[in-house]
Amino acid sequence: MTLNPLADAPAQAAGDFASDLAESVRRLRAAFTELLAAIGADPACPQDNSRAFGINRNLSWKLSKIVHSTDPSEVAGHLPGASGLAILLRSCSRHGADPAVCQRVTDAMAGFDQMAARHADDRAGLDMLLSAMVAGEAGAARLEASRQRAFAGNSAIWGVRARLQFGTHIHTPSAEQPGLVDVSSVGGLLDFRRLRPTASWPVARHMDASGDARHSVTAEALMATSDPQAAPLMRDWSTIAPEALRRVDIDSGIVWELADGPVGRTGSSDIVFGRRVNALGPAFAEGDITTATAIVNLGTPVERAQLELLMHRDLVGEQTPEVRLQSMVETSSALSGHDRGALRLPVTERLLNLGSCPPSLASPHAARHSELVKCSIEALGFTPADFLGWRIVLRHPPMPSALGLVIQLPSQPT
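Okay, here's the thing in structure tokens:
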């Protein structure tokens, strides 16, 4: 049997780390507060302290954060290095700090480093550990910085990047089967760029609802095309022709690949797809089916991911979607089946309520977004005034992952 290290680790391990961190930071805060008091420095005035005591401005600002912050993870991010600490203590000694006070600072820093070594090898490892735990505003900032570094690294490694990956899912009452829902989706990549000329890339994966293309519901292009085998491009919003894409059939659906081409800005492409699936699922909670889900699979290095769920007013009550971000490492199914809690990734961004009847569709990340969504809704025979909507935007989302909006289905009316 393979054990899941996330699920099977003793619950007290995280608590031991949290208490060790809090105690180390408490000692640091007390020692630095005493040090500043010993020279008559006001921790609320870092600029004045810099001028009066010859302390580096950046270091003086960090000292103010250490003394005032109530978040241990934030304090950990502002601690000076060995050379900075030595300079600080020499300056404080010259301005009258007692050697015993300086020694307490040295001891507190040594204790903090021992704590870091015990739990994470060193301060760099501790910073990574705190980033993964995402506690408070400091943790959210660390996570964002880690994602930004990962975006830069993945772009260089894979040789591609995009400014935005987006997906808008539109749920409407089924035109063919009452009690079921038709699901349409429009989305893709904006400002997709190759960073090396040989970088072909799967720009869309159209997976069938059952996970098997041979036994599934049928998806069709949102906008009618003369060739049913062609890519379901939204031509007015794409800067490439269907012929630029290569179709690859796999057991679970279709992959559309963009072939190699020019690099950088001159080869930038907008690639937008539109599809609809009729009678995909129930409109109301039914047996084990109690939720509806909108997903965008994130497999390309992108600056931002934007996911929207638009639901017809007849399909939703007072429910609000839940945001989920799930790892797609070693799994072929996103946000479906049993709840794989260990694969859930932290999300600090907030869900945006777009309003209702009609929702506010304009996006600061896509110039013609409202026009695109309005056109898609009208192609289905509805108007924006028929819908409620929600949006989540992630900066530098991790890959491979699946971003989802999950909403509880209403009960069958009586």
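Sequential numbering of the sequence shown, starting at 1055, is according to the numbering used here.
Ideal placement from N, C-alpha and C gives every residue a C-beta, glycine not left out.
Reduced DSSP category for residue i - H, G, I as helix; E, B as strand; rest coil
i	result
PRO1153	helix
ASP1305	coil
ARG1404	coil
VAL1159	helix
ASP1324	strand
GLY1193	helix
GLN1283	coil
PRO1355	coil
SER1073	helix
ALA1420	strand
PRO1336	strand
MET1365	strand
THR1345	strand
GLN1231	coil
ALA1313	coil
PRO1097	coil
GLY1165	helix
SER1414	coil
LEU1133	coil
GLY1318	coil
GLY1409	strand
VAL1370	coil
GLN1360	strand
SER1387	Only weak support exists for where SER1387 lies, its pLDDT of 48 falling under 50; the coordinates are left without a value.
Alpha carbon of residue i to alpha carbon of residue j, nearest angstrom
i	j	result
ASN1351	LEU1184	27 angstroms
ILE1109	ILE1141	8 angstroms
ASP1314	ALA1076	52 angstroms
PRO1296	LEU1397	35 angstroms
HIS1225	VAL1240	12 angstroms
PHE1107	PRO1452	44 angstroms
VAL1121	PRO1134	13 angstroms
PRO1097	CYS1146	14 angstroms
ARG1319	PHE1246	9 angstroms
LEU1312	ASP1070	50 angstroms
VAL1447	THR1347	16 angstroms
GLU1198	GLY1131	14 angstroms
LEU1363	ASP1176	43 angstroms
PRO1467	ALA1337	11 angstroms
SER1118	GLN1168	23 angstroms
LEU1249	THR1354	13 angstroms
GLY1435	GLN1231	16 angstroms
ILE1211	ARG1445	30 angstroms
PRO1400	ALA1092	42 angstroms
HIS1392	PHE1441	At HIS1392, the pLDDT of 45 sits below 50, so the modelled position is not reliable; the number obtained from the coordinates is stated separately. Taking the straight line from one Cα to the other gives about 30 angstroms.
SER1008	ALA1439	This structure leaves residue 1008 out entirely; the chain is present only between 1055 and 1468.
LEU1299	MET1288	13 angstroms
GLU1376	ARG1144	53 angstroms
ILE1324	ILE1294	In the sequence as presented, Ile is not what sits at residue 1324; that position holds Asp. Taking the straight line from one Cα to the other gives about 7 angstroms.
LEU1406	CYS1429	22 angstroms
ARG1367	TRP1310	33 angstroms
Boundaries (first-last residue) of the alpha helix (DSSP H) holding residue i
i	result
ALA1433	1423-1433
GLU1128	1126-1130
PHE1107	1100-1107
ALA1456	Not the alpha helix (DSSP H): ALA1456 falls in the beta strand (DSSP E), residues 1455-1462.
ALA1178	1177-1187
Residue burial classification, residue i (beta-carbon count within 10 angstroms, cutoff 16)
i	result
ASP1290	exposed
ARG1358	buried
ARG1196	buried
GLN1360	buried
SER1073	exposed
CYS1156	buried
GLY1335	buried
ASN1112	exposed
ALA1151	buried
GLY1341	exposed
ILE1431	buried
PHE1327	buried
ALA1258	buried
VAL1356	buried
GLU1372	exposed
Delimiting residues of the beta strand (DSSP E) encompassing residue i
i	result
VAL1237	1234-1248
ILE1120	No beta strand (DSSP E) holds ILE1120; the alpha helix (DSSP H) holding it covers 1111-1122.
PHE1441	1441-1449
VAL1217	The sequence as given places Arg at residue 1217; Val does not occur at that position. Unbroken beta strand (DSSP E) run through ARG1217: 1214-1227.
CYS1141	One detail in the question is off: residue 1141 reads as Ile in this sequence, not Cys. No beta strand (DSSP E) contains ILE1141, which is instead part of the alpha helix (DSSP H) from 1136-1148.
LEU1399	Careful: LEU1399 lies outside any beta strand (DSSP E) and carries neither H nor E.
ARG1378	1376-1381
ALA1253	ALA1253 -> no beta strand (DSSP E), and no H or E assigned at all.
GLU1274	1273-1275
Touch check for the stretch 1375-1384 and the stretch 1455-1465: three-plus C-beta pairs under 8 angstroms?
Touching, yes, given that three or more Cβ pairs across the two stretches are closer than 8 angstroms.
Does the stretch 1231-1248 touch the stretch 1212-1220, meaning 3 or more C-beta pairs lie closer than 8 angstroms?
Yes, since at least three Cβ pairs between the stretch 1212-1220 and the stretch 1231-1248 fall closer than 8 angstroms, the two stretches touch.
Answer yes if the stretch 1407-1422 comes into contact with the stretch 1303-1319, meaning at least three C-beta pairs across the two stretches below 8 angstroms, and no otherwise.
Cβ pair count under 8 angstroms is below three, so no.
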